[in-house]
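Enquirer: Residue numbers (the numbering used here), protein chains in the order written: chain A, 1175 to 1617; chain B, 33 to 512.
For each residue, glycine too, the CB sits at the ideal point set by N, CA and C.
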């Protein structure tokens, strides 16, 4: 293990030297300092292993067995408009940003109907033109906690940058399509996303992760979200990466008073998937909603970690994660809610429900409450089970074929997360994905 | 509300009521831990060679282990070389009647509210009183003998029933299990041994009172309870300890074996010295308790934890046999600077196994109370079922309540439910009771008792009464 790590670290250090050469001109910027620091941390950190409580149920060794080549250093992959169109969620009006292997493709993007002052662009470009806008926020939220974060930091270059100034409302959702994979290389794709909503701003973002083809690649993301006073942010993440790929994301959210942040995490693809969502409720009367749906099939491993930090009084958090696991898939859920000493009148609800469809599927769930204030109402619940036999019998006795009966029960199970999706046109497309993924009859 | 808070505060500030020291000469080992000390203990107890060997093996293994740091508790490091590992009352009375017992000792029991003679005559509870590591007197032995039940100290069992001890000791909690189990295996001083033969229903509740005495003596109890096929036993364990300034370490190991169709009910009331209001002193209570259930058998753990400065224990069940049942009912109360990290482990291996977990945590003052539990459903545990409920109640704004449930499910036919809530004593509930002329003090007492009722209902009668008293004392001082 030791020598293996060393080789791996040497590989990425070597890549970093090549990466630095290509950056010419950036070398004195704050970003470059951050990159160098991150690389140093990557070198120092022990790779996440199952002895670490945060990674207890997720073995990431397969990811580190591979030497992935940072996508910037790999051969550029050309995509066609047809492919982009195929991968986008349609039937509703939206702004579009397209990233291929982590690099922005303005040609396929459509950002012409944004309100004045709203800035939606590639992070790399914004760093060039108005670095101060980025500098005040980026890296301030997301602490480098493990090798994945450090690796992202070291090669941080591009990603989606969304800035909504005070009082502006972006009516049409912004769909950000991330396409990954390359025929020539096993690429490492590391978007660095930054979403800022100033006071009373409102925006809705759909992060859409898809493969170009069926290649092996590794997506390692850090997303930072600032929700200013009174702002409203809806963030959808629809992860449907290729079955050979690995997907790790850490999202850090900072909420100011009276803001509302809703996150919808829909996880379908990927071979090993790890989603971290951390939200700090730093003000009063904040609402934080985390909804999640994870589907596992074949040999997939899906790990969802959430952390809601109630730092101030009078806030509400809602969490509902549901999962369906089939084949030999494994699911992990770890939801932590922290209520700090003075966060009185906190309301925190958390629920995690999982259905196991096959004999070889497995779930490890750990809902966690840590409460240091007395005048609070907090609850969490977790259930694991199989499809209800009685309900199944009832439907079957009405002459419904077995596969349809099962699909009906699956549909019913996911419905409460499903109904939370505010963009109704998206629901049908998600529904299709669910049944496609579980290889079952769609209803 | 400020008035209510004041009442709560006044009440929660009360000092430990049952603190006192009994002056009895103890036969002690010098401080420190090494192979010689282990040989000394083993020799003192006239143990056979295999037992000494086993202790030494455990000790060697212990040396290779590191003290666990993962529990959600903070305490200064324990200096294992600063502890006396053996202390026995010098005059070990081998008596037939209570008159011959050291009067000092009897006085202690009286203060504890266990007048032995009365217990013996009236309650029908057989008492194996462990006073500082050595059994002093055993009652009702004859009644039990008739049924073939063995209820004695573990040192006696090692002498008189070596075949049973040899077969079962370490079979549920091996010395390699964890740091404190290894330590206990190496230095255990005494404890209880129970064997219920096939088809026997134990006619009375078996009971042991543990008591830590003599300054700086860590007490390392070892309990081994075997219920043979189709038998039943209910076992009670309760504790109080005198007031001390140094922290005392208590690392016990309890092993239960429930054979086919047998049932074991194990109840604990723990009220050791929790330290004073500033968090000075108090007992460290690091316990490993585990039971194994064979086919169609049942183990039920009930615990009321009010004492100790630091509590760290997870009574667990390994549901090995098909159709076996595990239950865990717990009330954990922490006050002042107490810390508790407690819960259970339910490991389902057999088919159609069922487990229930009801845990109630109450934290007051500046205390921290954590529930940590594991429910594991193995690959072959078809149709197994678990229900867990963990409720916490907070009294005061400087205490903490935490829940860390681990659910590991590998079988699709399993059904597992976990739910937890945290809240405070309802102002409306207090108001309602006040309105009916019940003082705030009594109202809180009522509400807390109601909160814990599900667990108290599981306790045997004698214990339920005591448990309620303890709860009142640890939370509300003089209110009974």
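How about residue 1418 of chain A and residue 1445 of chain A: do their beta carbons lie closer than 8 Å?
Expert: Yes. Within cutoff.
Enquirer: Determine, using beta carbons only, whether residue 251 of chain B and residue 300 of chain B come nearer to each other than 8 Å.
Expert: No, Cβ-Cβ distance for residue 251 of chain B and residue 300 of chain B is not below 8 Å.
Enquirer: Is residue 1323 of chain A helix, strand or coil by DSSP?
Expert: Three-state DSSP puts residue 1323 of chain A in a helix.
Enquirer: Consider the Cβ of residue 1557 of chain A: report whether some Cβ of chain B lies at a distance smaller than 8 Å.
Expert: By this cut-off, residue 1557 of chain A is an interface position.
Enquirer: At a CB-CB cut-off below 7 Å, which residues of chain B make contact with residue 1536 of chain A?
Expert: Residues of chain B passing the Cβ test: 441, 442.
Enquirer: Closer than 8 Å by beta-carbon distance: list the chain B residues that pair up with residue 1532 of chain A, in chain order.
Expert: Chain B residues near residue 1532 of chain A: 444.
Enquirer: Can you find the residues in the same chain that come closer than 6 Å, C-beta to C-beta, to residue 484 of chain B, ignoring five residues on each side of it along the sequence?
Expert: Hits under 6 Å: 363, 392.
Enquirer: Find the residues of chain A that neighbour residue 432 of chain B, judging by a C-beta separation of less than 8 Å, and give them in chain order.
Expert: What residue 432 of chain B touches in chain A: 1544, 1545, 1546.
Enquirer: Against chain A, with Cβ distances strictly below 8 Å, would residue 85 of chain B count as a contact?
Expert: No, its Cβ sits nowhere closer than 8 Å to a Cβ of chain A.
Enquirer: Find the nearest neighbour of residue 424 of chain B within the set B/404, B/441, B/452, B/448, judged by alpha-carbon distance.
Expert: For residue 424 of chain B, the nearest C-alpha among the options comes from B/452.
Enquirer: Using DSSP bridges, identify the partner residues of residue 374 of chain B.
Expert: Looking at the DSSP assignment, residue 374 of chain B forms a beta bridge with B/345, B/403.
Enquirer: Would the beta-carbon of residue 1586 of chain A fall within 8 Å of that of residue 1566 of chain A?
Expert: Contact flag unset, no.
Enquirer: Could you tell me which of A/1275, A/1428, A/1243 sits nearest to residue 1384 of chain A, measuring between CA atoms?
Expert: When each option's Cα is compared against that of residue 1384 of chain A, the closest is A/1275.
Enquirer: Return yes when the Cβ of residue 289 of chain B is within less than 8 Å of the Cβ of residue 265 of chain B, no when it is not.
Expert: In this structure, residue 289 of chain B does not lie closer than 8 Å to residue 265 of chain B by Cβ.
Enquirer: How is the alpha helix (DSSP H) around residue 472 of chain B delimited, first residue to last?
Expert: First-last of the alpha helix (DSSP H) with residue 472 of chain B: 472 to 488.
Enquirer: On the three-state DSSP scale, how would you describe residue 352 of chain B?
Expert: If DSSP states are grouped into helix, strand and coil, residue 352 of chain B belongs with coil.
Enquirer: Any C-beta of chain A sitting closer than 8 Å to the C-beta of residue 438 of chain B?
Expert: Taking Cβ atoms only, chain A reaches closer than 8 Å to residue 438 of chain B, which makes this a yes.
Enquirer: Enumerated in chain order, which unbroken segments of the alpha helix (DSSP H) with a length of 4 residues or greater are wholly contained in the stretch 194 to 269 of chain B?
Expert: Qualifying alpha helix (DSSP H) stretches, in chain order: 194 to 200, 211 to 219.
Enquirer: Is it buried or exposed, residue 434 of chain B, if we count other Cβ atoms within 10 angstroms and call 16 or more buried?
Expert: The residue in question, residue 434 of chain B, is buried, as its Cβ has 16 or more Cβ neighbours within 10 Å.
Enquirer: Could you confirm whether any beta carbon from chain B is found closer than 8 Å to the beta carbon of residue 1476 of chain A?
Expert: So no, residue 1476 of chain A is outside the interface.
Enquirer: Verify whether the separation of the beta carbon atoms of residue 1537 of chain A and residue 441 of chain B is less than 8 Å.
Expert: Contact flag set, yes.
Enquirer: Determine the DSSP secondary structure at residue 113 of chain B, reduced to helix, strand or coil.
Expert: Note: residue 113 of chain B maps to helix in three-state DSSP.
Enquirer: Buried or exposed, going by whether 16 or more other CB atoms sit within 10 Å of the CB of residue 1604 of chain A?
Expert: Looking at its Cβ environment, which holds 16 or more other Cβ atoms inside 10 Å, residue 1604 of chain A is buried.
Enquirer: If we ignore side chains and look at the alpha-carbon of each, how far apart do residue 333 of chain B and residue 298 of chain B end up?
Expert: Going from the Cα of residue 333 of chain B to the Cα of residue 298 of chain B covers about 5 Å.
Enquirer: Is residue 430 of chain B helix, strand or coil when you go by DSSP?
Expert: Residue 430 of chain B: coil per DSSP, three-state reduction.
Enquirer: Would you give the residue range spanned by the alpha helix (DSSP H) that residue 94 of chain B belongs to?
Expert: Where residue 94 of chain B is concerned, the enclosing alpha helix (DSSP H) stretches over 81 to 96.
Enquirer: Applying the 10 Å Cβ sphere with the 16-neighbour rule, what's the burial state of residue 512 of chain B?
Expert: Residue confidence is low: residue 512 of chain B scores 26 on pLDDT, short of 50, so the model does not pin down where it sits. Its coordinate-derived value is still stated next. Residue 512 of chain B is exposed by the Cβ-count criterion.
Enquirer: How many angstroms separate the CA atom of residue 82 of chain B from the CA atom of residue 280 of chain B?
Expert: Their Cα atoms are separated by approximately 30 Å.
Enquirer: The stretch 1491 to 1503 of chain A: which residues have C-beta closer than 9 Å to a C-beta of chain B, in chain order?
Expert: If the cut-off is 9 Å between Cβ atoms, the stretch 1491 to 1503 of chain A has 1499 near chain B.
Enquirer: I need the DSSP call for residue 151 of chain B, collapsed to helix, strand or coil.
Expert: Bear in mind that the predicted position of residue 151 of chain B carries a pLDDT of just 42, short of 50, making it too unreliable to give a figure here.
Enquirer: Drop a sphere of 10 angstroms on the beta-carbon of residue 1302 of chain A, count the other beta-carbons inside from all chains shown, and report buried for 16 or more, exposed for fewer.
Expert: Result: exposed.
Enquirer: Just confirm the distance between the C-beta atoms of residue 1390 of chain A and residue 1430 of chain A, as a whole number of angstroms; I'd bet it's less than 8 Å.
Expert: Contact flag wrong, Cβ pair sits at about 41 Å.
Enquirer: Can you give the Cα-Cα distance for residue 318 of chain B and residue 406 of chain B, rounded to whole angstroms?
Expert: Taking the straight line from one Cα to the other gives about 18 Å.
Enquirer: What does residue 1134 of chain A reach in chain B if we use C-beta pairs closer than 8 Å?
Expert: Lying outside 1175 to 1617, the shown extent of chain A, residue 1134 of chain A is not represented and no answer is given.
Enquirer: Since residue 1344 of chain A contacts residue 1350 of chain A with CB under 8 Å, what's their CB separation in whole angstroms?
Expert: That belief does not hold up - the Cβ atoms of residue 1344 of chain A and residue 1350 of chain A are roughly 13 Å apart, past 8 Å.
Enquirer: From this set, A/1283, A/1589, A/1534, which residue's C-alpha is nearest residue 444 of chain B's C-alpha?
Expert: Ranking the options by Cα distance to residue 444 of chain B, first place goes to A/1534.
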